[in-house]
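Scroll down for the structure; my scribbles are underneath it.
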Amino acid sequence: AGDDLSSKDTSSSSSASADQGDLTIASQSFGEAALVAEMYNQLLTKAGYHVDVKLVDSRDAYIGIFPKSVDVVPEYVGGIVNELNARANGDKAKPFEAGDGAQLAADGKQLLDDAGITLLDVSSATDTNAFFVTQKYSDDNGVTKLSDLSGKSVVLAAADDCEGRLDCEAGLSDDYGIKISKLLPLGYASDQTYKSVIDGESQLGETSTTDGTLASQGLVVLEDDQQIQPAQNLVPAVGTQFLSDHPDVADVLNPLMAALTTEKLTELNGRISVDREDPKAVATDFLTSEGLL
Amino acid sequence: MRVFSDTWAYLSAGSSWTGDRGLLHLMLQQLLLTGTALVIALVLGLPLALWLGHLGRGGLLAVNISNVGRAVPTFALLALFVTADFPGTREFGPYGRAGLATLLALALFALPPIITNAYVAVREVPADVKQAADGMGMTGLQKFRRVELPLATPLVLSGIRLALVQVWATATIAALVAGPGLGRVITDGFARNEFGKGIAGAVVVAVVALVLELVAAAAQRALDPVPRAPRRNRDGGMSGGRPSVAASDAESVGA
Amino acid sequence: MTLLAQVATAAQPSCYSRLTNEWFCGQYLHDRRADIVDATVQHLQITVYAVALGIAIAFPLALLARRLPRLETTILGASTALYTIPSLALLPLLVPFTGLEMRTVVIGSALYALTILVRSMLEGLRSVPDDVRESAVGLGYGASRLLLRVELPLALPVMMAGLRVATVSTVALTTVGTLVSYGGLGNLISDGVFTNFRAELMAAAVLCVVLAVVLDLLIVLVQWLLTPWTRGAQA
Amino acid sequence: MIRLAGVGKTYDDGTVAVQSLDLDVEAGELVVLVGPSGCGKSTTLKMINRLIEPTTGSIEIDGRDVTRVDPVKLRRGIGYVIQQVGLFPHQRILTNVMTVPLLYGESKATARARAEELMALVGLDPATYADRFPHQLSGGQRQRVGVARALAADPPVLLMDEPFGAVDPIVRVRLQDEFLRLQRDLGKTVVLVTHDIDEAVKMGDRVAVFAAGGRLAQYATPAELLGRPADDFVADFVGSTRGLRRLAVTPIDPAHLEPLDGVSMGDLGAAIDVSSTLEEALAVLLRDDKAVVGVKQGAQFVGVLTPNGIHRALRASLAD
Amino acid sequence: MIRLAGVGKTYDDGTVAVQSLDLDVEAGELVVLVGPSGCGKSTTLKMINRLIEPTTGSIEIDGRDVTRVDPVKLRRGIGYVIQQVGLFPHQRILTNVMTVPLLYGESKATARARAEELMALVGLDPATYADRFPHQLSGGQRQRVGVARALAADPPVLLMDEPFGAVDPIVRVRLQDEFLRLQRDLGKTVVLVTHDIDEAVKMGDRVAVFAAGGRLAQYATPAELLGRPADDFVADFVGSTRGLRRLAVTPIDPAHLEPLDGVSMGDLGAAIDVSSTLEEALAVLLRDDKAVVGVKQGAQFVGVLTPNGIHRALRASLAD
Ligand SMILES: Nc1ncnc2c1ncn2[C@@H]1O[C@H](COP(=O)(O)OP(=O)(O)OP(=O)(O)O)[C@@H](O)[C@H]1O
Ligand SMILES: Nc1ncnc2c1ncn2[C@@H]1O[C@H](COP(=O)(O)OP(=O)(O)OP(=O)(O)O)[C@@H](O)[C@H]1O
Ligand SMILES: [Mg+2]
Ligand SMILES: [Mg+2]
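Following this line, the structure appears as structure tokens:
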């Protein structure tokens, strides 16, 4: 993150096609979102747009001004739909829970239309909440999927907002029957969460399906065998008006969605968060190897 | 605006205040955090600054260093302490791992106003009064205890008061590293789109800050050894009283 | 992209890889030079704009507080109250009005700087000796000329002291701008925190301090140039 | 020239600084206001240039009511020397003195020339002092700059509030003498405030003695003041040695000289000029340890004074 | 009692404040150091109680070298009245005066009794002033508290740095008189600093005139100083009217009185006591506008003084 300024340089130096005007991308700043935003940036720049990327700490920083002053956002199906749902129907509204990306996108169509947002093609790559344990815990207790923990009592290290969420604490206890003896709000895929699990302070930690650092830390993800996670497939969200003015954006971004898979994304994430390769370089590298650039 | 009615709704709901993650509990955590950080800063900074003030030298360096210390983003400091292999307790809470990191970061944040004011306060005790004390045969310690300290008290206290409010207001960022305190309500609120809740947290923080300020101002007045003649600059309320940080820096420039 | 070459040869982990994760890593500074420079420049911009805006708001307020003593408590109180609004809340609240732009952070930081600026300006104006003011009026200075030619220059030392504290604090505060995409070095710090990137975190924090020291010295220098009469005037 | 009629000042907190004051100052006259601390001298002075607005009464300068004039314009026509000097610490000495001419809109060159002239007039060499800052001058030097600054616009009226208050007695005497010499040349209308009766008697053409609350206890020439104090307050204020003080304000009257005949040259000390005061005569007499002092007009002896003669002269002076 | 031998002080920045000073003060004597500003008077005084360490020479009190004594102990035996008074603003008047006895470890009750006694001695009613804070007192009252505080430990030696500097001339004279009266009873060894020659002449048993750089220009009784200035600097410093000043320090010598016979009662003004000074005699003479003044011893007229008689007496006084 933090390289929003330099992306401007990229846009001016490598624009090849005809001038298509200005385009603003907003994205969350965590590693994977920043990486995907950078891929959008490079592709759209090549297509002739003057791209401005804004990376922010959380979705609420841009959701209020999208699509008014933000044109394109690398999103997750469940994320954007449920965010709009909460905004439209209050934060107690029942969330959309479909496990399939395309289905969820269809379910949320009305909300998206009302907001003036159009989702392009849904990628097969998906980034949902995942829960991990140490390799040792897995081996010792024979635990490989979440249902293996049913009836067991664990301490959960998770994001601030985990409590009461169906895709997190509530789902784990209600659907899987896991006894959460204590919830430590140490953050989503944060170092403190890893450390807490590794140190044995907690047994179960929250991260994402595309976390590239787990293997290097001796941690393993447990399979979500009862599908409590709503679909979080990667998808470009574009302002409807902007899209009708610039229909070529879809032609630029849809191939990228087709090329991305969960495995590839996990590998790319690992390069960034473990080897700390420059996200720009990683993006270029990937786009080139996929023949998109 | 809906946000405001939400805020009011959140604040007026009894359930918001009670329980493990209720406002009261978090407020208590943050008060504990603030108080402890302040005590740490006082223990670290006050004796040093008072002594340098008594000697009348070396203090400008301390003042300038502690002032530049302000530039270290508390957030970064916090992150450094949290990501360091920190020997904190495993238990979570005001004195848990993140709590301790926050304590240290906040204590460092509290140092500049405390050091600056204490140093300047002692040094600026009028020269004629100091000389009178010497002239009547007081030892260094007697002079410090009976003359310099009482006369420095108001300014020292105003430094502590400044530090108190700043630390309290800054303590919310503990939430950024999953630390304790009311910051959690704010981040949680914004993270879950419950803006009313987030703003409610901010409101509580601001109100408590004002209360602390008023209480500290009253304490400062009560502890002032010289009953003030009505003077041009009033020390009461929010006005903060005498030139503190600003005045001291003016000298460091002249020197 | 030139960085590709280096990435390819990274067979053994660099000193900033997550596996080594050293606090100080020259390789990191070298590899991410461009990012670091960009972040520093942005940081500097935000700080300077914020302080300038802060001054522009604080000065009339200080004048008003001095002119109407009954408003003084209100003005100082309000500027202190602003300070107690957590930045975590203030910045997101500003976004709907100011957009995802640098000005959001600039306005936020300027508001926070008011506490110190208003106070020190008031103190500065008050530090002008009464006899000087009286003799100026007695010689026939009108109100505005008195302010510009006499009071302002004489208030400068105290005002500049406040400016120094405000500037240094603003350098630190700017980092929080990362919440809304414009945090300068704060963007690096935030990334460093969330990815446990020690070299990045440390480099950004150190740069903050360096930036503050440089700005501080610059103000001292400017003050030295602007106030020749204070030189050698030892008490 | 300056006329105060029924002037009073009550401060917001109820303090009555000046009750009801009538005071006339003739053009070219040097009037001294003297009185104990807090009796309203400064208040009176500042009402003249409207730094303080009177609550009752009227003040006229040259027949014009000062309250009808724009205060800023009014003040530019009145030189003002403040008790604490009040130089601008951030400006060099020359710039300080140039202030008022520049306010008038004079050219820099003119103002500069005038300022240098004035610095020389008050005994400060421009070459040495022009570029210094006030804090680089001694107290006495600063006082002179204050006077020079007030004179810079060549105002017909000069108000001076304890202008020699901040320096030690030796420098003070020198500054007083210099100002008297200056005033002889300039002939300004001056109102000077002091709380030192010696200074009042020495400097004033007329002296106004204030009692607490701005009451005018006596307004008279120094000789009259010392010789016939109007009441006990004034008598007490001018002090029990006021007889001695009178010596200083009483000129030698040739009528009281004794003839030179029969005085041996050895008995004569240094001679003094007939324009001297009786105090100078007595001082020479005592200093030289002689019984008589010769009095000259030009190069010509016109008589001698003995202690008894001095005493007679003093007694006679009141009878006039 | 106090003996300075070859004492010199050079400050760190090279300023030579005092060159090489020899000065003796007898027990019970009141010595005044006088001189222009910056001549090293305060420096000299502070070297005596080691607030400033001399760079050369030795200082003895009662035969003991002060540098060999623990400075804290030394200072407890020396009362010190500082130029700027230096009361403790956070303590009430009574507590201020009690400070030194309490430092000595005296009981609160004793210290309190002593402090009240001293307050009464310097003319401050304890019932009224004991519980005030310094800022609630006038300048003159504060000065008195400063003196009382210095006297509280009943030190044999008293150092006073311009103790009457901060008040206006009228109050100043009163304080001087009061202190002289006090000193007659207490008989302390006092070193007093002033820059006012009048004060020096009035107060001192002996006066030390300092020239710049701490040079001792003359050390003599007031009468001698005025009568026979050692050099031009002293002559200039004591002023051209020093003859008049001598009147104030010269007592009436009965030998110069003229007989009462032949003087009509109408010619006599108020009578004065034979213990008065010549100045008082002359002042009465001039005030009452008479030719002669009667001199009494008790209720008995012992003679009269005329101006010529006063003059003769003054001339004779130097011949003694
Ligand atoms: N702004 C004010 N408000 C209330 N009272 C005042 C104010 N200024 C002066 N006074 C009072 O008015 C009276 C006269 O004050 P003024 O300054 O004229 O005295 P002064 O004769 O100049 O005395 P000094 O010789 O001490 O300068 C004093 O009692 C003083 O306390
Ligand atoms: N700490 C110091 N460092 C350098 N020079 C000093 C210091 N203190 C005093 N002086 C200088 O020493 C000289 C004598 O100072 P001192 O205070 O003894 O003078 P003084 O006779 O008491 O004068 P005044 O009548 O003004 O009080 C002065 O020239 C003064 O500037
Ligand atoms: Mg006055
Ligand atoms: Mg002195």
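Residue numbers (this note's numbering), protein chains in the order written: chain A, 4 to 296; chain B, 352 to 606; chain C, 350 to 584; chain D, 3 to 322; chain E, 3 to 322.
Glycine included, C-beta positions come from ideal geometry on N, C-alpha and C.
DSSP-derived helix/strand/coil call for ASN236 of chain A
What you label residue 236 of chain A is simply residue 233 of the first sequence in a count that begins at 1. Three-state DSSP puts ASN236 of chain A in a strand.
With a threshold of 8 Å between beta carbons, is VAL433 of chain B in contact with chain A?
As a working note, residue 433 of chain B is residue 82 in the second sequence. Yes, contact with chain A.
Put MET3 of chain E into one of helix, strand or coil per three-state DSSP.
As a working mapping, residue 3 of chain E is identified with position 1 in the fifth sequence. MET3 of chain E: coil per DSSP, three-state reduction.
When you compare only the Cα positions, how much space is there between GLN220 of chain A and ASN415 of chain B?
Translated into positions along the first sequence, residue 220 of chain A becomes position 217. Translated into positions along the second sequence, residue 415 of chain B becomes position 64. GLN220 of chain A and ASN415 of chain B: Cα-Cα distance of roughly 43 Å.
Going along chain B in order, which residues have a C-beta closer than 9 Å to the C-beta of ARG565 of chain C?
Along the third sequence, one-based indexing puts residue 565 of chain C at 216. One point to set straight first is that residue 565 of chain C is Asp, not Arg, in the sequence displayed. Near ASP565 of chain C (Cβ distances below 9 Å), the residues of chain B are ASN415, ASN418, VAL419, ALA422.
In chain order, what are the residues with a CB under 7 Å from some non-hydrogen atom of ligand 3?
D:LYS43, D:SER44, D:GLN85, D:ASP163, D:GLU164, D:VAL195
Closer than 9 Å at the beta carbon, the chain A residues around ASP479 of chain C:
In the third sequence, residue 479 of chain C corresponds to position 130, counting from 1. In chain order: nothing, as chain A lies at least about 51 Å away.
Beta-bridge pairing of HIS53 of chain A - partner residues as DSSP gives them:
Position 50 of the first sequence, counting from 1, holds the residue named residue 53 of chain A. A:ASP25.
Looking at chain E, is there any beta carbon in it that lies within less than 8 Å of the beta carbon of ALA285 of chain D?
Sequence index remark: in the fourth sequence, residue 285 of chain D carries index 283 (1-based). Output row for ALA285 of chain D: interface = yes.
Can you check whether the C-beta of ARG279 of chain A is within less than 8 Å of a C-beta belonging to chain B?
Looking up residue 279 of chain A in the first sequence gives position 276. Chain B contact via Cβ: absent.
For MET662 of chain B, does the three-state DSSP call read helix, strand or coil?
Since the first and last residues shown for chain B are 352 and 606, residue 662 of chain B lies out of range.
Assign HIS313 of chain E to one of two classes, buried (16 or more other C-beta atoms within 10 Å of its C-beta) or exposed (fewer than that).
Here residue 313 of chain E refers to the residue found at position 311 of the fifth sequence. HIS313 of chain E is buried by the Cβ-count criterion.
Under 8 Å from the C-beta of GLN21 of chain E: neighbouring residues of chain B:
Start at 1 with the first residue of the fifth sequence, and residue 21 of chain E comes out as number 19. Here the premise fails: no neighbours, minimum Cβ distance about 24 Å.
Interface residues of chain A around ASN544 of chain B at Cβ under 8 Å?
For the purposes of this step, residue 544 of chain B is taken as the residue at position 193 of the second sequence. Correct list: ASP63, GLU86, ALA89, ARG90, ASP94.
Leaving out the 5 sequence neighbours to the left and right, which residues in its chain are closer than 7 Å to TYR361 of chain B when beta-carbon positions are compared?
Within the second sequence, residue 361 of chain B is the residue found at index 10, counting from 1. Closer than 7 Å at the Cβ level, and outside the excluded window around TYR361 of chain B, lie SER367, GLY547, LYS548, ALA551.
Check each candidate in A:TYR140, A:ALA162, A:ILE183, A:GLN138 and name the one with the smallest Cα separation from ASP155 of chain A.
To locate residue 155 of chain A, count along the first sequence from 1; it is residue 152. Contrary to the premise, residue 155 of chain A reads as Lys rather than Asp in this sequence. Minimum Cα distance to LYS155 of chain A is reached at A:ILE183.
Within 8 Å, strictly: CB atoms of SER1 of chain A and ASP228 of chain A
Examination of residue 1 of chain A is not possible in this model, given that chain A is present from 4 through 296 alone.
Along the segment 60 to 91 of chain E, where does the CB come closer than 9 Å to a CB of chain B? Name the residues.
PRO73, VAL74, LYS75, LEU76, ARG77, ARG78, GLY79, ILE80, GLY81, TYR82, VAL83, ILE84, GLN85, GLN86, VAL87, GLY88, LEU89, PHE90, PRO91
Alpha carbon to alpha carbon, how far is ALA232 of chain E from ASP163 of chain E? Give it in angstroms, no decimals.
Along the fifth sequence, read from residue 1 onward, the residue named residue 163 of chain E stands at position 161. Along the fifth sequence, read from residue 1 onward, the residue named residue 232 of chain E stands at position 230. Going from the Cα of ASP163 of chain E to the Cα of ALA232 of chain E covers about 25 Å.
Closest residue to VAL285 of chain A among A:GLY294, A:ASN272, A:LEU295 (Cα-Cα distance):
Counting from one through the first sequence, the residue named residue 285 of chain A turns up at place 282. For VAL285 of chain A, the nearest C-alpha among the options comes from A:ASN272.
Counting only C-beta atoms, is GLY124 of chain A closer than 8 Å to chain B at any point?
Locating residue 124 of chain A in the first sequence gives position 121, where the first residue counts as 1. Sequence check: residue 124 of chain A is Asp here, not Gly. No, ASP124 of chain A does not count as interfacial toward chain B.
The alpha helix (DSSP H) spanning ILE231 of chain A covers which residue range?
Within the first sequence, numbered from 1, the residue matching residue 231 of chain A stands at position 228. Per DSSP, ILE231 of chain A belongs to no alpha helix (DSSP H) and is neither H nor E.
Chain-order list of residues whose beta-carbon lies under 7 Å from that of LEU259 of chain A (same chain, five-residue window excluded):
The sequence position of residue 259 of chain A within the first sequence is 256, counting from 1. Within the same chain, LEU259 of chain A has close Cβ partners MET42, LEU46, LEU295.
Considering only C-alpha positions, which residue in the set A:ALA192, A:VAL59, A:VAL136, A:TYR65 is nearest to LEU87 of chain A?
As a working mapping, residue 87 of chain A is identified with position 84 in the first sequence. Out of A:ALA192, A:VAL59, A:VAL136, A:TYR65, A:TYR65 has the C-alpha closest to the C-alpha of LEU87 of chain A.
Does the contact criterion of 3 or more C-beta pairs under 8 Å hold for the segment 502 to 516 of chain C versus the segment 94 to 111 of chain D?
no
Quick check: the Cα distance between THR12 of chain D and PRO56 of chain D, rounded to an integer number of angstroms?
Within the fourth sequence, numbered from 1, the residue matching residue 12 of chain D stands at position 10. Within the fourth sequence, numbered from 1, the residue matching residue 56 of chain D stands at position 54. Those two C-alpha atoms are separated by around 8 Å.
Is there a Cβ from chain C that is less than 8 Å from the Cβ of LYS36 of chain A?
Residue 36 of chain A sits at position 33 when you count from the first residue of the first sequence. Per the sequence presented here, residue 36 of chain A reads as Ala, with Lys not at that position. ALA36 of chain A does not count as touching chain C.
In whole angstroms, what is the alpha-carbon distance linking LEU139 of chain D and ILE84 of chain D?
By one-based count along the fourth sequence, residue 139 of chain D stands at place 137. By one-based count along the fourth sequence, residue 84 of chain D stands at place 82. Cα to Cα, the separation comes out at about 17 Å.
Alpha helix (DSSP H) runs wholly inside the segment 265 to 321 of chain E, at least 4 long, in chain order:
280 to 290, 309 to 321
Please determine, among C:ALA401, C:ARG494, C:TYR490, C:VAL558, the residue with the shortest C-alpha to C-alpha distance to THR425 of chain B.
Sequence index remark: in the second sequence, residue 425 of chain B carries index 74 (1-based). Comparing Cα-Cα distances from THR425 of chain B to each of C:ALA401, C:ARG494, C:TYR490, C:VAL558, the minimum goes to C:VAL558.
Alpha-carbon spacing of ALA132 of chain D relative to GLU118 of chain D, whole angstroms:
As a position in the fourth sequence, residue 132 of chain D is number 130, starting the count at 1. As a position in the fourth sequence, residue 118 of chain D is number 116, starting the count at 1. Cα to Cα, ALA132 of chain D sits roughly 8 Å from GLU118 of chain D.
On the premise that LEU270 of chain D lies in contact with LYS292 of chain D, defined as a C-beta separation below 8 Å, what is that separation, rounded to the nearest angstrom?
The residue you call residue 292 of chain D lines up with position 290 of the fourth sequence. The residue you call residue 270 of chain D lines up with position 268 of the fourth sequence. LYS292 of chain D to LEU270 of chain D, Cβ: 7 Å. Contact.
Show which residues of chain C have a CB atom less than 7 Å away from the CB atom of PHE135 of chain D.
Along the fourth sequence, one-based indexing puts residue 135 of chain D at 133. Within chain C, the residues near PHE135 of chain D are TRP578.
Closest Cα partner of THR308 of chain E within the set E:ILE63, E:VAL240, E:ALA301, E:GLU282:
Here residue 308 of chain E refers to the residue found at position 306 of the fifth sequence. THR308 of chain E has its Cα closest to that of E:GLU282, out of E:ILE63, E:VAL240, E:ALA301, E:GLU282.
Inter-residue CB distance, ASN85 of chain A and PRO70 of chain A (contact presumed, cutoff 8 Å)
Locating residue 85 of chain A in the first sequence gives position 82, counting from the first residue. Locating residue 70 of chain A in the first sequence gives position 67, counting from the first residue. The pair is not a contact, with the Cβ atoms about 18 Å apart (cut-off 8 Å).
Please tell me whether THR308 of chain D has its Cβ less than 8 Å away from any Cβ of chain E.
Walking along the fourth sequence from the start, residue 308 of chain D turns up at place 306. Judged by the 8 Å Cβ criterion, THR308 of chain D is in contact with chain E.
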